[in-house]
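A.B. asks: Per mature numbering (1 follows the signal peptide of the UniProt record, and there is no 0): the sequence shown = residues -24 to -1, 1 to 268.
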Amino acid sequence: MLISATMQRLVLLALCAAATSAAASGGDVDTYSFPAFDARTEDIVAVTNTSITGLALLFGPASSSDEHYSRVNHSEGFLLLSQRVGVWRAGDVVDGGGVPEREASFNTSFSLAGSSAVAFVVLRDIYPPFLNRDGFRGPGNVTFAPDAATSGGLAAVEAGAVRAYGQYEPGVGLNVTVTPNGTAPSRTVWIEYDAAAHRLLVYVAAGATGASSRPPEALLDATIRLAAGRRTTQNASVGFFAGAVRDVIVGVRGWNMTLERLDGRISGAGRKKGTSCAVILLVVLGSVAVMF
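#1: What residue ranges within the region 29 to 63 form continuous beta strand (DSSP E) runs of no fewer than 3 residues, ordered along the chain?
#2: Alpha carbon to alpha carbon, what distance is there between Ile225 and Ala15?
#3: Would DSSP call Arg222 helix, strand or coil?
#4: Might you give, ordered along the chain, the residues of its own chain that have their beta carbon closer than 7 Å to the beta carbon of Ala198, omitting 5 neighbours on each side?
#5: What's the C-alpha gap between Ala171 and Arg201?
#6: I'd like to know if the region 227 to 238 and the region 3 to 11 are in contact, where contact means that at least 3 CB-CB pairs between them fall below 8 Å.
#7: Which value, in whole angstroms, describes the spacing of the CA atoms of Ala160 and Ala93?
#8: Please return the same chain residues whose Cβ sits closer than 6 Å to the Cβ of Phe217, not counting the five positions on each side in sequence.
#9: Hey, out of Thr84, Ala66, Phe86, whose CA is closest to Glu77's CA?
#10: How many Å lie between Val23 and Gly158 at the Cα?
#11: Assuming Val165 and Ser85 make a contact with CB atoms under 8 Å, what is their CB distance in whole Å?
#12: For Ala204, name the three-state secondary structure that DSSP assigns.
#13: Using a 10 Å radius around the Cβ and a threshold of 16 neighbouring Cβ atoms, would you call Gln59 buried or exposed?
#14: Keeping to the same chain, check which residues put their C-beta closer than 7 Å to that of Ala(-20); ignore five residues upstream and five downstream.
#15: Let me confirm a value: Ser127 is counted as buried when at least 16 other C-beta atoms fall within 10 Å, else exposed. Which label applies?
#16: Report the residue from Gly147, Glu193, Arg229 whose alpha carbon sits nearest the alpha carbon of Gly186.
#17: Smallest Cα separation from Ala212: which of Ile167, Leu150, Ala194, Thr155?
#18: Taking Ser81 as the reference, which of Thr155, Glu168, Pro104 has the closest Cα?
#19: What are the boundary residues of the beta strand (DSSP E) that includes Ile102?
#20: Taking the alpha-carbon of Ser51 as reference, which of Ala32, Val61, Ile28 has the nearest alpha-carbon?
#21: Please report the distance separating the alpha-carbon of Ser189 from that of Tyr179.
#22: Does the beta-carbon of Asp19 have 16 or more other beta-carbons within 10 angstroms, so that it is buried, or is it exposed?
#23: Please report the straight-line C-alpha distance between Val138 and Val152, rounded to a whole angstrom.
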């Protein structure tokens, strides 16, 4: 039997209550930074088709012998921030007029090693249903066309919807899948979402995070609107998906994210001190560095 949405929310609230704030937040954005996913990583949870596990437990003394932890590591699943982030807000109707809904712009960067595909994802405000017979990638006998797809010497990139919520919600959220190409041991990925233009840009360069500069031209340039048709909820879980949880743990390093703040902050979940939107705009336009 599927675990109810109410139960999922209770589990999420319990995990959030246990999370420790990494640093204070200020300004008009929230930033998140995770150099690696290991035993010291807080505010991250592993979500599979059968369980939700704090990341630190996967590296505990029992993890090498316990069947549950082994199953989590080798199951398809997500590594997600333990707290949801604000993605969009509804507009207000005043005297027959209206204030349009607002979406949050964001930037993210991370390095990806190895040959396994990893997806950056924006989900909904509850986790995908457990015990889904089709898994998190949708029915195997159905072909889903991405919103945009392209390929380069370092990686193939697809941008589309998340298929993890079952047949009644076949396409929600955002899924940016990066599949390594070539022989480079590592590549850095930058993903930018301009909410005003509803524009998604993905850049890829050889080398690890901090050792390479963002290319002047995007590998993928697509038009996507997260709030359109309620593609995702106003608050959403954010993180990574892979065919095996360990592919994210082993392959992803130096994950940084900057998210425009739509309202008051909630402490925790890897947040650091915010930077003004003007500074981020200068960084993006100057192609100096990008953080999600």
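All residues carry an ideal CB built from backbone N, CA and C; glycine is no exception.
C.D. replies: So, to answer that:
#1: 53 to 57
#2: Walking along the sequence shown from the start, residue 15 turns up at place 39. Walking along the sequence shown from the start, residue 225 turns up at place 249. Near 11 Å, if we compare the C-alpha coordinates of Ile225 and Ala15.
#3: Start at 1 with the first residue of the sequence shown, and residue 222 comes out as number 246. Arg222: helix per DSSP, three-state reduction.
#4: Residue 198 sits at position 222 when you count from the first residue of the sequence shown. The answer, listed in chain order, is Asp123, Ala124, Ala135, Leu176.
#5: Locating residue 171 in the sequence shown gives position 195, counting from the first residue. Locating residue 201 in the sequence shown gives position 225, counting from the first residue. Each residue's alpha carbon lies about 8 Å from the other.
#6: yes
#7: The residue you call residue 160 lines up with position 184 of the sequence shown. The residue you call residue 93 lines up with position 117 of the sequence shown. Distance between the alpha carbons of Ala160 and Ala93 is about 14 Å.
#8: Position 241 of the sequence shown holds residue 217. Phe54, Ala95, Val97.
#9: Working through the sequence shown from its first residue, we reach residue 77 at position 101. Glu77 has its Cα closest to that of Ala66, out of Thr84, Ala66, Phe86.
#10: Position 47 of the sequence shown, counted from the first residue, corresponds to residue 23. Position 182 of the sequence shown, counted from the first residue, corresponds to residue 158. Their Cα atoms are separated by approximately 30 Å.
#11: For the purposes of this step, residue 165 is taken as the residue at position 189 of the sequence shown. For the purposes of this step, residue 85 is taken as the residue at position 109 of the sequence shown. Val165 to Ser85, Cβ: 7 Å. Contact.
#12: As a working note, residue 204 is residue 228 in the sequence shown. The answer is helix: DSSP assigns Ala204 an H, G or I state.
#13: Counting from one through the sequence shown, the residue named residue 59 turns up at place 83. Its Cβ being crowded by 16 or more others within 10 Å, Gln59 is buried.
#14: For this step, residue -20 is matched to residue 5 along the sequence shown. With a pLDDT of only 47 at Ala(-20), under the threshold of 50, the placement of this residue in the model should not be trusted, and no figure is reported.
#15: Here residue 127 refers to the residue found at position 151 of the sequence shown. Flag for Ser127 reads exposed.
#16: Locating residue 186 in the sequence shown gives position 210, counting from the first residue. If we check each option's Cα against that of Gly186, Arg229 comes out closest.
#17: Within the sequence shown, the letter at position 236 stands for residue 212. The shortest C-alpha separation from Ala212 is found at Leu150.
#18: By 1-based counting over the sequence shown, the position of residue 81 is 105. Of the listed residues, the one whose Cα sits closest to Ser81 is Glu168.
#19: Your numbering for residue 102 matches position 126 in the sequence shown. Element bounds for Ile102: n/a, residue is neither H nor E.
#20: Along the sequence shown, read from residue 1 onward, the residue named residue 51 stands at position 75. For Ser51, the nearest C-alpha among the options comes from Ile28.
#21: In the sequence shown, the residue the question calls residue 189 occupies position 213. In the sequence shown, the residue the question calls residue 179 occupies position 203. Cα to Cα, Ser189 sits roughly 10 Å from Tyr179.
#22: Counting from one through the sequence shown, the residue named residue 19 turns up at place 43. With 16 or more Cβ atoms within 10 Å of its Cβ, Asp19 is classed as buried.
#23: Working through the sequence shown from its first residue, we reach residue 138 at position 162. Working through the sequence shown from its first residue, we reach residue 152 at position 176. Answer to the nearest angstrom: the Cα atoms are 9 Å apart.
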